[in-house]
Amino acid sequence: MILLTGGAGYIGSHTAVVLLRAGYEVLVVDNFCNSSPESLKRIEKITGKKCPYIRGDIRDRALLDNVFQQHTIEAVIHFAGLKAVGESYAKPLDYYHCNVFGTITLLQAMQAFGVKTFVFSSSATVYGNAPIPYTEQTPTGVPSNPYGRTKLHIEQILQDLSNSDDEWKIALLRYFNPVAAIETGEIGEDPLGIPNNLMPFISQVAVGKLPELAVFGNDYPTRDGSCVRDFIHIMDLAEGHCAALDFLQNPAHPNGVHIWNLGTGKGISVLEMIAAFEKVNQVKIPYRIAPKRDGDLAEFYANPNKAKMELNWQAKRSLEDMMRDLWNWQKNNPNGYR
Ligand code: NAD
Ligand code: UD1
């Protein structure tokens, strides 16, 4: 059985579907601070399989001990954490407590029960401001915000843990920009309040919940002046987790820390994303050019070759698929899971 911390959230719920379809059993631990059990019900509907869950916090060691005592957990995929960049400036202690202390507590419980296979949700933000495209050999930099720094700290803790005990098998998955939803539209990204990220903002403008999009900057040194990112379909990203887990669980593969970029390798600009959404879905997105957002980098995207070579994984879905599937989720669930 695979333990998914934060499995009710955006990336965890899509990964749960992929794992269940691949024949894995899963167990979710989530405190639902940024999600609801509704996503888990829908996973059961989509897959026709059980998606059991425990409501609880990863900082609660007694709860985790219970989980490991009562279930045969072979590996953990660790999604649980706080992820709003803006909020992390205002509440750095909450971010370090949840993300860093939470991960340490989880790792201590795993160590106590001899469970040593671990997949971690990291982020391309750990590269800081490095030359593009980013490869896994690109040295990590200094992320521009406290959220990003929690990810870098956790990566370093995991490396130290692996150095201390060579039985650990650890994957650091550095996500680029996940977007869209499962093709059938029952689960998707459901941000609380006004979205911080580009694509949920666009889809909420499209559905009429928000009047217009502010494009943060149009004089970056990019092909059209707006920022460029590596947007990846959430189902491709979810499949990357399954591939990483299979790799770690294969006894022929070495123990230790493995790092994989999960991106498409292609950069798309903010203005190109707006145009693609409009074209594919035949919906107008009113927007205005606004000042740059602090901490944004002009352009970054992955070199995804290592994941292709080692995991036999690559992003398959197109920009059109992303736009169609995002809109399918948003228009069928204008208020998310509520
Ligand atoms: P999400 O907020 O949808 O999911 C996170 C889940 O963790 C939520 O269900 C939340 O309720 C739960 N959670 C938070 N703190 C918890 C705690 N202390 N105990 C138990 N459960 C807790 O976010 P997501 O987009 O699915 O992201 C999942 C992971 O991937 C996060 O660690 C995030 O930092 C990382 N990540 C996300 C992105 C992205 O663009 N979405 C990019 C890079 C990395
Ligand atoms: C952000 C975080 C990153 C985190 C990732 C996933 C910052 C600086 N980085 O990445 O650490 O891992 O989310 O959660 O916040 N944009 C607009 N208008 C909007 C929203 C966004 O123009 O209303 C632009 C941004 O300027 C950016 C691009 O769209 O250029 C993508 O933004 P976003 O979706 O927030 O992702 P990142 O900034 O790449």
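In the working numbering, the protein residues as written are 6 to 343. Think of the CB as a built atom: it goes at the ideal place given N, C-alpha and C, for glycine as much as any other residue. Owing to the predicted nature of the structure, the values given are computational and were not obtained by experimental measurement.
Which whole-angstrom value describes the C-beta separation of residue i and residue j, a residue pair presumed to lie in contact below a C-beta threshold of 8 Å?
i: residue 295; j: residue 236; result: So it is not a contact: roughly 20 Å between Cβ atoms.
i: residue 203; j: residue 278; result: 7 Å
i: residue 159; j: residue 104; result: 7 Å
i: residue 152; j: residue 90; result: 5 Å
i: residue 242; j: residue 183; result: 5 Å
i: residue 59; j: residue 81; result: Not quite, the Cβ-Cβ distance comes to about 13 Å (not below 8 Å), so this is no contact.
i: residue 229; j: residue 274; result: 5 Å
Quick check on residue i - is its C-beta less than 7 Å from some C-beta in chain C?
i: residue 89; result: This model lacks chain C altogether; it includes just one protein chain.
For residue i, collect the residues of the same chain with a Cβ closer than 8 Å to its Cβ; drop the 5 residues on either side in sequence, then sort them by chain order.
i: residue 102; result: 64
i: residue 137; result: 272, 304, 305 and 306
i: residue 7; result: 24, 29, 30, 31, 32, 78, 79, 80, 81, 82 and 250
Looking only at its own chain, which residues have a Cβ that is under 6 Å from the Cβ of residue i, when we skip the five neighbours before and after it?
i: residue 325; result: 285
i: residue 205; result: 194 and 196
i: residue 83; result: 10 and 125
i: residue 334; result: 186, 190 and 193
i: residue 54; result: 25
i: residue 188; result: 330
Using only CA atoms, which one of the options lies nearest to residue i?
i: residue 97; options: 44, 154, 48 and 54; result: 154
i: residue 280; options: 327, 48, 318 and 304; result: 327
i: residue 128; options: 45, 268 and 20; result: 268
i: residue 180; options: 339, 265 and 169; result: 265
i: residue 256; options: 165, 300, 30 and 174; result: 174
i: residue 283; options: 218, 135 and 186; result: 218
i: residue 116; options: 92, 151 and 78; result: 78
i: residue 338; options: 270, 212, 254 and 238; result: 212
i: residue 287; options: 307, 252, 309 and 336; result: 336
i: residue 150; options: 178, 52 and 93; result: 93
i: residue 178; options: 238, 270, 322 and 123; result: 123
i: residue 51; options: 21, 36 and 73; result: 21
i: residue 166; options: 137, 140 and 260; result: 260
i: residue 252; options: 110, 106, 108 and 312; result: 312
i: residue 292; options: 300, 302, 276 and 301; result: 276
i: residue 332; options: 139, 88 and 238; result: 238
i: residue 176; options: 270, 139, 254 and 169; result: 254
i: residue 133; options: 27, 316 and 302; result: 302
Please classify residue i: is it buried, with 16 or more other beta-carbons within 10 angstroms of its beta-carbon, or exposed?
i: residue 171; result: exposed
i: residue 366; result: The structure shown does not extend to residue 366, since the chain spans only 6 to 343, so no value can be given for it.
i: residue 143; result: buried
i: residue 289; result: exposed
i: residue 330; result: buried
i: residue 343; result: exposed
i: residue 240; result: buried
i: residue 321; result: exposed
i: residue 114; result: buried
i: residue 300; result: exposed
Whole angstroms are fine: how far does the CA of residue j sit from the CA of residue i?
i: residue 232; j: residue 75; result: 48 Å
i: residue 210; j: residue 62; result: 33 Å
i: residue 163; j: residue 262; result: 8 Å
i: residue 247; j: residue 39; result: 23 Å
i: residue 95; j: residue 258; result: 42 Å
i: residue 341; j: residue 208; result: 11 Å
i: residue 30; j: residue 216; result: 43 Å
i: residue 68; j: residue 227; result: 49 Å
i: residue 272; j: residue 118; result: 42 Å
i: residue 309; j: residue 100; result: 29 Å
i: residue 86; j: residue 107; result: 8 Å
i: residue 201; j: residue 110; result: 29 Å
i: residue 234; j: residue 41; result: 29 Å
i: residue 139; j: residue 46; result: 37 Å
i: residue 348; j: residue 112; result: The question about residue 348 has no answer here: the residues shown for the chain are numbered 6 through 343.
i: residue 214; j: residue 73; result: 43 Å
i: residue 141; j: residue 135; result: 12 Å
i: residue 27; j: residue 316; result: 15 Å
i: residue 57; j: residue 199; result: 30 Å
Can you list, in chain order, the residues of its chain whose CB lies under 7 Å from that of residue i, leaving out five sequence neighbours each side?
i: residue 157; result: 131, 145 and 148
i: residue 244; result: 23 and 318
i: residue 298; result: 221
i: residue 18; result: 12, 44, 48 and 192
i: residue 37; result: 13 and 60
i: residue 88; result: 152
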